[in-house]
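The opening residue of the sequence shown carries number -15 in this note's numbering; numbering runs sequentially from there.
For reference, the structure discussed in these notes is given below.
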Amino acid sequence: ASDIYSLAVVAYEMLTGRTPFDGNSAKELRRQQRSGLETRPTTIRRELSPEVDHVFEKALAVDPRARFVTARDFGDAFYSAATVSLLVPSMETEPEVAEDVEIVHYPECRVSDQPVPVSPGEKEPEEMSEKLVAEKIAVIPATAATDSEDEPAWTRRSPDLIAEPNSGWLKVAGIAVVGILASGIVGWYYMVSEPAELAYQTTNNAVQNTNVGEPPTSVNTIVPPLRRNIPQPPDTEFFESSRQNLKGDLIRNFVGFMIYYPKDWKVNGSQESRSAGTRGKFLDISKATSEGQLKEQMLVSYYPSKGTIEDDSEKFPQMLKETNETLKKLLPGYQVVSEGRTNVNKDWPAYEIKFQGSGTSETGERLVVWGRRLFIPAARPGVRNGFEITMLATSYADGVHSVDDVGVRGELADILRTFEPSQNF
């Protein structure tokens, strides 16, 4: 954490020509550090994006736990934030600065080896045409995002370089291996000679304290599902999300995944957000009847997450509210059927909203739209974005007769079964 802090100080000075904290005494310097970054880079270089400010505020946080986990995280976040700027200054020109800010050039930058101080009811159906229903469904956006939650995604991890071991560490490692083997032999002997019924312990269970009268403590071990090797189904196309050619909110909030879809489905590809309060889509695929009426559709986007289903639980009521506000404007007779936790492909915990809407065509035929929206966190604490999957099916879909059939029957079911999140967060 102290290395990240030092790296941010150097990066800040290289970018702005001054240090982030300039107290005249050690006491004044510590006070400024505890108060947080007051002179933001955008006040010195106006062409920078506000995202740059957010990156430095995190990297220079007084609490080490609030900083980036690795230098790679900081580098990726800084690069993404810097490329948001519409104006990229030339390396040969002086940066633009505010008139009331003096740029101080320092001939040498020294990083102190001292530790950084840390302070302790269903509506009546509306009249509408089949064409209008299809047009409205085709433009359903992802749930609106609040400004406070629209943060860059620093989701990639880079393995640490392998250091050359010295002889001392080799001896320690050898002793440790011998100790582990001895412990294993003793444990095996105990299990053989004293068989006992072993209780399976879940990843989120209560452990009783030895001190009488104290409440049990909770042990939370987050173990993401193992990556599946999915053979490609016949007559399908393969899709894997990539940072290449992405722009706007999609590159800043990138999430990786792979999926297979039938060859006869239409692909709209990635679509970044073009208005405030909305989120772009990494993938938009759909299938229609020969007359052009929508049968089924899937949209894959992102949502601001804290990494796990438990940490995101406080966000889900707001997600439900935003989904309702968005879809009420698009689907006649819109109503929520159910909401709550579920599992996707057996292993991935998720929060789910089931909804439906209906209308009457010009010929008097009742047209129903059923839908499911899934919020799937990455199952890794601290990952800033999760997966948002919206699935839609209409009365024209084969084998779909209720909202409970969406993603369970029909072609959407086959597609959802192949959805596999990336392991690189």
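Idealized CB from N, CA, C, for every residue including glycine.
In this text the structure is predicted, and so the values were computed from the model without any measurement.
Can you tell me which of the options puts its alpha carbon nearest to the alpha carbon of residue i?
i: Phe241; options: Val251, Asn252, Ser225; result: Ser225
i: Ala(-5); options: Glu41, Leu278, Arg15, Thr292; result: Glu41
i: Arg350; options: Gly291, Pro316, Leu234; result: Pro316
i: Thr402; options: Thr292, Leu(-1), Phe223, Ala(-15); result: Phe223
i: Asn213; options: Ile235, Lys155, Thr67, Tyr244; result: Tyr244
i: Glu280; options: Ala(-8), Ala55, Leu400, Asp(-13); result: Leu400
i: Ala66; options: Asp389, Gly163, Ile235, Thr273; result: Ile235
i: Glu221; options: Pro246, Lys290, Val239; result: Pro246
i: Val367; options: Thr292, Ala334, Gly348, Tyr318; result: Thr292
Terminal residues of the continuous alpha helix (DSSP H) containing residue i?
i: Asp268; result: First-last for Asp268: 267 to 272, but that is the beta strand (DSSP E), not the alpha helix (DSSP H).
i: Asn369; result: No alpha helix (DSSP H) holds Asn369; the beta strand (DSSP E) holding it covers 369 to 378.
i: Gly264; result: Run containing Gly264: none; DSSP gives neither H nor E here.
i: Val36; result: 34 to 43
i: Ile399; result: 394 to 401
i: Pro412; result: Since the displayed the chain opens at -15 and closes at 409, residue 412 lies outside it and no answer follows.
i: Thr0; result: -14 to 0
i: Leu351; result: Run containing Leu351: none in the alpha helix (DSSP H); it sits in the beta strand (DSSP E), 350 to 360.
i: Ile235; result: 232 to 236
Just the C-alpha distance for residue i and residue j, rounded to the nearest angstrom, thanks.
i: Val284; j: Thr3; result: 42 Å
i: Asn237; j: Asp268; result: 17 Å
i: Ser342; j: Glu35; result: 42 Å
i: Tyr287; j: Pro361; result: 9 Å
i: Pro217; j: Arg258; result: 35 Å
i: Thr344; j: Thr23; result: 59 Å
i: Tyr63; j: Val46; result: 23 Å
i: Val53; j: Thr262; result: 29 Å
i: Gly158; j: Ile169; result: 17 Å
i: Asp134; j: Thr310; result: With a pLDDT of only 49 at Asp134, under 50, the local geometry of the prediction cannot be trusted, and the value read off the model is given with reservation. Roughly 18 Å separates the two Cα atoms.
i: Phe5; j: Asn229; result: 38 Å
i: Val352; j: Met282; result: 17 Å
i: Leu21; j: Val39; result: 11 Å
i: Arg376; j: Lys313; result: The sequence as given places Leu at residue 376; Arg does not occur at that position. Those two C-alpha atoms are separated by around 16 Å.
i: Gly264; j: Asp233; result: 7 Å
i: Asn327; j: Tyr(-11); result: 39 Å
i: Trp332; j: Phe339; result: 21 Å
i: Arg18; j: Ser(-14); result: 15 Å
i: Gln255; j: Pro48; result: 36 Å
i: Ala50; j: Gly59; result: 16 Å
i: Ser379; j: Ala(-8); result: 56 Å
i: Ala166; j: Asp389; result: 55 Å
i: Phe371; j: Arg325; result: 15 Å
i: Asp219; j: Glu395; result: 12 Å
i: Met75; j: Glu12; result: Reliability fails at Met75, whose pLDDT of 42 lies under 50, so the model's placement of it is uncertain and the value that follows must be treated cautiously. Using only the alpha carbons, I get a separation of about 34 Å.
i: Ala61; j: Lys231; result: 15 Å
On the DSSP letters alone, give me the boundaries of the beta strand (DSSP E) that residue i sits inside.
i: Thr23; result: Thr23 -> no beta strand (DSSP E), and no H or E assigned at all.
i: Ser322; result: 319 to 328
i: Ala334; result: 332 to 344
i: Val284; result: 278 to 288
i: Ile243; result: 241 to 246
i: Glu221; result: 220 to 224
Output needed for residue i: all residues of its chain with C-beta closer than 6 Å, excluding positions within five of it in sequence on either side, in chain order.
i: Glu323; result: Leu304, Ile337
i: Ile373; result: Val284, Leu358
i: Ala397; result: Gly391
i: Gln16; result: Phe5, Gly7
i: Met(-2); result: none
i: Thr0; result: Pro25, Ile28
i: Arg393; result: Gly383, Val384
i: Val320; result: Phe339
i: Gly355; result: Phe339, Leu376
Should residue i be listed as close to the ligand MN, given that the test is whether its C-beta is under 7 Å from any heavy atom?
i: Pro365; result: Only the bare structure without any ligand can be found here, which leaves the ligand MN out of the picture.
Whose C-beta lies closer than 8 Å to the C-beta of residue i among residues of the same chain, with five residues either side of it excluded?
i: Val239; result: Ala137, Thr139, Ser225, Phe266, Tyr286, Ala362, Asn369, Gly370, Phe371, Pro405, Ser406
i: Arg227; result: Ile235, Phe238
Tell me which residues share the same chain as residue i and place their Cβ nearer than 7 Å to its Cβ, disregarding the 5 neighbours each side in the sequence.
i: Lys290; result: Asp296
Q: Check whether the region 297 to 308 touches the region 376 to 388, taking contact to mean three or more Cβ pairs, one atom from each stretch, closer than 8 Å.
A: no
**Q.** Stretch pair the region 260 to 279 + the region 243 to 251: three plus CB contacts closer than 8 Å
**A.** yes
Q.
I'd like to know if the region 205 to 215 and the region 348 to 363 are in contact, where contact means that at least 3 CB-CB pairs between them fall below 8 Å.
A. yes
Q) Touch check for the region 389 to 406 and the region 292 to 301: three-plus C-beta pairs under 8 Å? A) no
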